[in-house]
Amino acid sequence: MRREVTVVCRCNDVTREDILKAIEMGIDDFELLRKYLRLGFGPCQGRSCVMIAARIFARAKGKSVEEVLSNYRVRPPIVPVPAKYFARGLKP
Amino acid sequence: MEVPPYRRTGIVELGELARLGLLPPERRLRRGPVAVLECPEMIPCNICVPYCPTKSIRMERLIDLPAVDWETCTGCGMCVAVCPGLAAFVVDLSKEDYDYVTVPHEFLPVPRVGDEVVLLSRRGERVGRGTVIRVWERNRTHVVTVRVPKGLGMEVRAVWVER
Amino acid sequence: MTFRRGRRLTFTFEGSPLEAYEGETVAVALYAAGVSVLSWSSGLGRPRGLFCMIGKCSSCFMVVNGVPNVKTCREPVREGLAVERQRGWVPPADAAELGEVETRELETDLLVVGGGPAGLSAALEAAQQGLDVLVVDEHLRLGGQLLKQTHKFFGSVELFGGLRGFQIAGEYLKKLESNGRVRVLTQSAVYGAFRGGLVGVVGRDAHYVVKPRAVVGTPGASERYLDFANNDLPGVVGAGGVQTVMNELGVKPGERALVVGSGNVGLIISYQLLQAGVAVEAVVEILPEVGGWFVHAAKVRRYGIPILLRHTLKAVYGTEKVEEAEVVEVDEGFNPVPGSEKRFKVDLVLLAVGLEPDARLFAQCGAVMRWSPDLGGLVPLRTPGLETSVRNLYVAGDASGIEEATTAIIEGRVAALSAVSKLTEGSRAGRAAEEAERLNRFLWEEYRASPLLARARRGKQSVTVSEEEMEKVRALSPPPVSFG
Numbered sequence: 098m099r100r101e102v103t104v105v106c107r108c109n110d111v112t113r114e115d116i117l118k119a120i121e122m123g124i125d126d127f128e129l130l131r132k133y134l135r136l137g138f139g140p141c142q143g144r145s146c147v148m149i150a151a152r153i154f155a156r157a158k159g160k161s162v163e164e165v166l167s168n169y170r171v172r173p174p175i176v177p178v179p180a181k182y183f184a185r186g187l188k189p
Numbered sequence: 003m004e005v006p007p008y009r010r011t012g013i014v015e016l017g018e019l020a021r022l023g024l025l026p027p028e029r030r031l032r033r034g035p036v037a038v039l040e041c042p043e044m045i046p047c048n049i050c051v052p053y054c055p056t057k058s059i060r061m062e063r064l065i066d067l068p069a070v071d072w073e074t075c076t077g078c079g080m081c082v083a084v085c086p087g088l089a090a091f092v093v094d095l096s097k098e099d100y101d102y103v104t105v106p107h108e109f110l111p112v113p114r115v116g117d118e119v120v121l122l123s124r125r126g127e128r129v130g131r132g133t134v135i136r137v138w139e140r141n142r143t144h145v146v147t148v149r150v151p152k153g154l155g156m157e158v159r160a161v162w163v164e165r
Numbered sequence: 128m129t130f131r132r133g134r135r136l137t138f139t140f141e142g143s144p145l146e147a148y149e150g151e152t153v154a155v156a157l158y159a160a161g162v163s164v165l166s167w168s169s170g171l172g173r174p175r176g177l178f179c180m181i182g183k184c185s186s187c188f189m190v191v192n193g194v195p196n197v198k199t200c201r202e203p204v205r206e207g208l209a210v211e212r213q214r215g216w217v218p219p220a221d222a223a224e225l226g227e228v229e230t231r232e233l234e235t236d237l238l239v240v241g242g243g244p245a246g247l248s249a250a251l252e253a254a255q256q257g258l259d260v261l262v263v264d265e266h267l268r269l270g271g272q273l274l275k276q277t278h279k280f281f282g283s284v285e286l287f288g289g290l291r292g293f294q295i296a297g298e299y300l301k302k303l304e305s306n307g308r309v310r311v312l313t314q315s316a317v318y319g320a321f322r323g324g325l326v327g328v329v330g331r332d333a334h335y336v337v338k339p340r341a342v343v344g345t346p347g348a349s350e351r352y353l354d355f356a357n358n359d360l361p362g363v364v365g366a367g368g369v370q371t372v373m374n375e376l377g378v379k380p381g382e383r384a385l386v387v388g389s390g391n392v393g394l395i396i397s398y399q400l401l402q403a404g405v406a407v408e409a410v411v412e413i414l415p416e417v418g419g420w421f422v423h424a425a426k427v428r429r430y431g432i433p434i435l436l437r438h439t440l441k442a443v444y445g446t447e448k449v450e451e452a453e454v455v456e457v458d459e460g461f462n463p464v465p466g467s468e469k470r471f472k473v474d475l476v477l478l479a480v481g482l483e484p485d486a487r488l489f490a491q492c493g494a495v496m497r498w499s500p501d502l503g504g505l506v507p508l509r510t511p512g513l514e515t516s517v518r519n520l521y522v523a524g525d526a527s528g529i530e531e532a533t534t535a536i537i538e539g540r541v542a543a544l545s546a547v548s549k550l551t552e553g554s555r556a557g558r559a560a561e562e563a564e565r566l567n568r569f570l571w572e573e574y575r576a577s578p579l580l581a582r583a584r585r586g587k588q589s590v591t592v593s594e595e596e597m598e599k600v601r602a603l604s605p606p607p608v609s610f611g
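Chains A, B and C supply the protein sequences, listed in that same order. Just so we're aligned: the first sequence equals residues 98 to 189 in our numbering. Just so we're aligned: the second sequence equals residues 3 to 165 in our numbering. Just so we're aligned: the third sequence equals residues 128 to 611 in our numbering.
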């Protein structure tokens, strides 16, 4: 039997334990947590992990999810773009 | 606001149907086939209204509960075929020896006339066996009329064909 | 339900030949052939199988004809294709080797992002009102989640009541095809909007830069994920994912299933599993009452499926795929009750624990966003005509707040008519504005008057502001992007 884990981010294999450990280390800002654990930086672009991570973070810090997400920024590309599209550089 | 028991069980009791005006009166039930619409929530839907060939179902607003005119309803089963919630049934308690129930059916195999099928209650209990006497189809919903043991007419709400 | 399958063909999986049908995706063809592990995860090397099935997660990435990171749930299977499992996240080969992609510039009156119920109705309405429309959708064909809805929809005849979801999509596609004003890009995704009102699209074979006069964003929703032990094991699948496998492609998804969540999605999927010949052990619901509408609950109860209220999923077990699921009762504070665990021998665990609006397009454009638990998450603030704080960017459907397909269709029309009223002049503009108002009156005063929609109604009310208020919001938070 494989070790039991609870996966939050399926792209980069971030677990609930990883989030709780990071909070223990003193990370108290959700955007910092995202950068530290690369949550939402995988090919799904945060479509499955950001909200569940925000809820775990909110529960652990006794904050509301709204507060936790208050400085969540979405930057392009919002979907994965294959490298060949960048060969000549995206024009827009 | 109090949660009605059917929201905990997924099963609506006859008393609740009667309270909501969805149960035909005893006298009407004994006279012949009639529609029983087990639709206790205000779903924004009125599909049974335009399809009823005798214009026996009324709704003022889209979200109203259906009001059946028991006197003009002939128990034809069109509402059974078209109801998106599969919540319409026809029961016939008028015969001496058997009751008759018409239910929607969307499973394979499709029962054929003469088949013996398992009778299921609202709770999913196997309450007996019955014989299929009529089957017709509309947009992939089969409308199955089954002859059931006397006394089960208000119990049986689905049939299951054993493979 | 019956299925018409395409031509038989052969492809290879790790060197061995496998049969498939034309029209299937690679992921589904493998699933039908009994392959449950599609890849091993990047950090922990855990087996991963199908999960979302609608191109939103990354669990189905495989190496196809030597190219890594191919989303196999979106990749049509073809004769002779060579498919291999992928270990972790493979960096792409040298960009130059992959070749270049041509950039094409497109202009349109209205860009519709997403071809689900809201997008289809917006596109048709706008085209009928004389606008040139471009629809961009990620899937192989338009229809969005309607394509896998085999149940009949509620409503009135005018609202497609009584038709099955895929039939509603069919009605729209017929009308769109016969209308010469609609162009469609499938297997294409909007990756961002930029200064000057340009929108970037990753197309199937080309890169598009679109200059629209207005945009109706209908990107839909994502399925909510749940944290429990071994939640990434193959066999743990989103409810929508299983609907794709089963209802859109006609493949039986498993033998015995446990469904988590008793909202309409969980109840409908339970019934559909039963139709596909899958035994449903139970529907698990953490709340003390059924989440979905009574008639859907009654449908599963009469076929003997139990609904376990105040229960949650604790863990799943298995080596390469789910073999067992463990459920536990919860107390009033939603804490597990020790000793109340029950185990089910199942090979499929369906997550139907709710949807979240996929509103990232709006956030990326700088639209003012609001958090609404009633609507499932972050959504853009909007006017009654569904315009966001980004001028000429409209929102409709689940991305505007989770509701249902019929309201999505109505919202799509409202958004399109609002756009028409701004982009055209004279009597046409006036008529469009009147029609949008009439639809809004019906939506708010009649349709949403149902207590079953009270929560969504409250949520949508809380994120809708008048035109005047929106102008004040724009003055305070000027968006970096604007269209038109």
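Glycine included, each C-beta is placed from N, C-alpha and C at the ideal position.
Residue i versus residue j - alpha carbon distance
i	j	result
PRO189 (chain A)	GLU232 (chain C)	With a pLDDT of only 47 at PRO189 (chain A), under 50, the local geometry of the prediction cannot be trusted, and the value read off the model is given with reservation. For PRO189 (chain A) and GLU232 (chain C), the distance between alpha carbons rounds to 10 Å.
ARG429 (chain C)	GLY153 (chain B)	18 Å
LEU550 (chain C)	ALA490 (chain C)	24 Å
MET128 (chain C)	ALA494 (chain C)	At MET128 (chain C), the pLDDT of 47 sits below 50, so the modelled position is not reliable; the number obtained from the coordinates is stated separately. Using only the alpha carbons, I get a separation of about 43 Å.
MET98 (chain A)	GLY445 (chain C)	Summary for MET98 (chain A): the model assigns pLDDT 45, below 50, so the residue's position carries little reliability; its value from the coordinates is reported in the next sentence. Straight-line Cα distance between these residues: approximately 7 Å.
GLY323 (chain C)	PHE610 (chain C)	7 Å
CYS179 (chain C)	PHE293 (chain C)	19 Å
GLU28 (chain B)	GLU468 (chain C)	46 Å
PHE150 (chain C)	PRO578 (chain C)	Checking the displayed sequence, the identity of residue 150 (chain C) turns out to be Gly instead of Phe. Cα to Cα, the separation comes out at about 41 Å.
VAL38 (chain B)	ALA409 (chain C)	28 Å
LEU394 (chain C)	GLY368 (chain C)	15 Å
PHE138 (chain C)	GLU530 (chain C)	41 Å
VAL262 (chain C)	PRO144 (chain C)	37 Å
GLU206 (chain C)	LEU136 (chain C)	5 Å
LEU258 (chain C)	LYS275 (chain C)	29 Å
ARG131 (chain B)	GLU43 (chain B)	31 Å
PHE281 (chain C)	ALA90 (chain B)	13 Å
ARG21 (chain B)	CYS85 (chain B)	21 Å
ALA546 (chain C)	LEU247 (chain C)	15 Å
ARG470 (chain C)	LEU477 (chain C)	15 Å
For residue i: DSSP bridge partner residues
i	result
MET189 (chain C)	C:VAL197
ALA130 (chain B)	Here the sequence assigns Gly to residue 130 (chain B), which means Ala is not the residue at that position. B:LEU121, per the DSSP bridge assignment.
SER628 (chain C)	One cannot answer for residue 628 (chain C) here, as it falls past the ends of chain C, which runs 128 to 611.
THR235 (chain C)	C:PRO339
ARG509 (chain C)	C:THR591
SER166 (chain C)	C:ARG175 and C:GLN213
THR11 (chain B)	Answer is none; THR11 (chain B) lacks a bridge partner.
ALA442 (chain C)	C:ALA356 and C:GLU453
ILE434 (chain C)	C:VAL410
Closer than 9 Å between beta carbons: that is the criterion. Which residues of the region 578-593 of chain C meet it against chain B? Taking 9 Å as the Cβ-Cβ cut-off, the region 578-593 of chain C approaches chain B at PRO578, LEU579 and LEU580, given in chain order.
Ranges of the alpha helix (DSSP H) found wholly within the region 451-498 of chain C, counting only runs of at least 4: Every alpha helix (DSSP H) stretch that sits fully inside the region 451-498 of chain C and reaches 4 residues is listed by chain position as 487-491.
Report the residue ranges of all beta strand (DSSP E) runs contained in full by the region 64-118 of chain B; include only those spanning at least 3 residues, in chain order. Listed in chain order, they are 90-94 and 100-107.
When you check each C-beta in the region 108-136 of chain A against every C-beta of chain C, which residues fall closer than 9 Å? Taking 9 Å as the cut-off between beta carbons, the residues of the region 108-136 of chain A near chain C are CYS108, ASN109, ASP110, VAL111, THR112 and ARG113, in sequence order.
If you pair each beta-carbon of the region 286-302 of chain C with each one of the region 37-51 of chain B, do three or more pairs fall below 8 Å? With the cut-off at 8 Å, the region 286-302 of chain C and the region 37-51 of chain B touch.
Would you check if there are 3 or more beta carbon pairs closer than 8 Å linking the region 192-200 of chain C to the region 376-386 of chain C? Short answer: they don't touch.
Stretch pair the region 508-520 of chain C + the region 589-609 of chain C: three plus CB contacts closer than 8 Å: They touch, by the three-pair rule.
Where in the region 311-385 of chain C do unbroken runs of the beta strand (DSSP E), each at least 3 residues long, occur, reported from the N-terminal end onward? If we require 3 residues or more, the beta strand (DSSP E) runs fully inside the region 311-385 of chain C come out as 316-321, 325-329, 333-344, 348-350 and 363-365.
Select from the region 463-489 of chain C all residues with a C-beta closer than 8 Å to any C-beta belonging to chain A, and list them in chain order. Listed by position, the residues of the region 463-489 of chain C near chain A (Cβ gap below 8 Å) are GLU483, ASP485, ARG487 and LEU488.
Cβ contact check for the region 70-84 of chain B and the region 115-131 of chain B: 3 or more pairs under 8 Å: These segments do not touch.
Which runs of the alpha helix (DSSP H) spanning at least 4 residues fall entirely within the region 111-179 of chain A, listed in chain order? Along the region 111-179 of chain A, the alpha helix (DSSP H) occurs as fully enclosed runs of 4 or more residues at 113-121, 127-134, 147-158 and 162-165, listed in sequence order.
Using a Cβ-Cβ cut-off of less than 9 Å, list which residues of the region 283-313 of chain C approach chain B; keep chain order. Of all residues in the region 283-313 of chain C, only SER283, VAL284, LEU286, GLY288, GLY289, LEU290, ARG291 and GLN294 come within less than 9 Å of chain B when Cβ atoms are compared, listed by chain position.
Given 8 Å as the limit, is there contact between the region 446-463 of chain C and the region 154-166 of chain C, that is, 3 or more CB pairs closer than that? At 8 Å Cβ cutoff, the stretches touch.
Below 7 Å between beta carbons is the criterion; list the residues of the region 49-63 of chain B that meet it against any residue of chain C, in chain order. Look at the region 49-63 of chain B: the residues with a C-beta under 7 Å from a C-beta of chain C are ILE49, PRO52 and ARG63.
Within the chosen definition, does the region 134-149 of chain A reach the region 173-192 of chain C through at least 3 CB pairs nearer than 8 Å? Touching, yes.
Scan the region 247-295 of chain C and note each continuous alpha helix (DSSP H) run of 4 residues or more that stays entirely inside, going in chain order. Along the length of the region 247-295 of chain C, whole alpha helix (DSSP H) runs at least 4 residues long do not occur.
Start-end ranges of the alpha helix (DSSP H) lying completely within the region 508-591 of chain C, minimum 4 residues: As far as the region 508-591 of chain C is concerned, its whole alpha helix (DSSP H) runs of at least 4 residues are 532-550, 553-568 and 581-589.
Would you be able to state if there are at least three C-beta pairs under 8 Å between the region 495-508 of chain C and the region 581-588 of chain C? Contact between the region 581-588 of chain C and the region 495-508 of chain C is established, with three or more Cβ pairs separated by less than 8 Å.
Mind listing which residues of the region 262-279 of chain C have their C-beta closer than 9 Å to chain B's C-betas, in chain order? Residues THR277, HIS278 and LYS279.
Is there contact between the region 296-306 of chain C and the region 339-356 of chain C, where contact requires at least three CB pairs shorter than 8 Å? By the Cβ criterion, the region 296-306 of chain C is not in contact with the region 339-356 of chain C, since fewer than three pairs of Cβ atoms, one from each stretch, lie closer than 8 Å.
I want to know whether the region 474-488 of chain C touches the region 420-437 of chain C - three or more CB-CB distances under 8 Å. Cβ pair count under 8 Å is below three, so no.
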